[in-house]
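For the sequence shown, this note's numbering begins at 829 and goes up steadily by one.
Here a beta-carbon is modelled for each residue, glycine too, at the ideal position from N, C-alpha and C.
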Amino acid sequence: MYQHIIYLEYLPTVIGRKMAEAYGLIPSPGRGQFFNGYTKSLDPRLTNEFVVGAFRFGHSQITGDVR
Numbered sequence: 829m830y831q832h833i834i835y836l837e838y839l840p841t842v843i844g845r846k847m848a849e850a851y852g853l854i855p856s857p858g859r860g861q862f863f864n865g866y867t868k869s870l871d872p873r874l875t876n877e878f879v880v881g882a883f884r885f886g887h888s889q890i891t892g893d894v895r
């Protein structure tokens, strides 16, 4: 459910639907809305630079009225 929300709602809002489609981030309805592009040879680890940038971006999404 979480991945469904991220890939079909949040990412298209943040990076734009055209960009998400260009990079294959929108699961197609013809495949039952599942991602089938897993590649075992890719390294799934994240660099520290990316994690810090993503962390800061995520925190910038929080408005001042959150208690």
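{"query": "Per-residue DSSP class, three states only, for S888", "result": "helix"}
{"query": "Spatial distance of V880 from L836 (CA atoms)", "result": "24 Å"}
{"query": "Endpoints, the alpha helix (DSSP H) within which I854 is located", "result": "First-last for I854: undefined, no H or E at that position."}
{"query": "Chain-order list of residues whose beta-carbon lies under 7 Å from that of G852 (same chain, five-residue window excluded)", "result": "G865"}
{"query": "Three-way DSSP call (helix, strand, coil) for R873 in this model", "result": "coil"}
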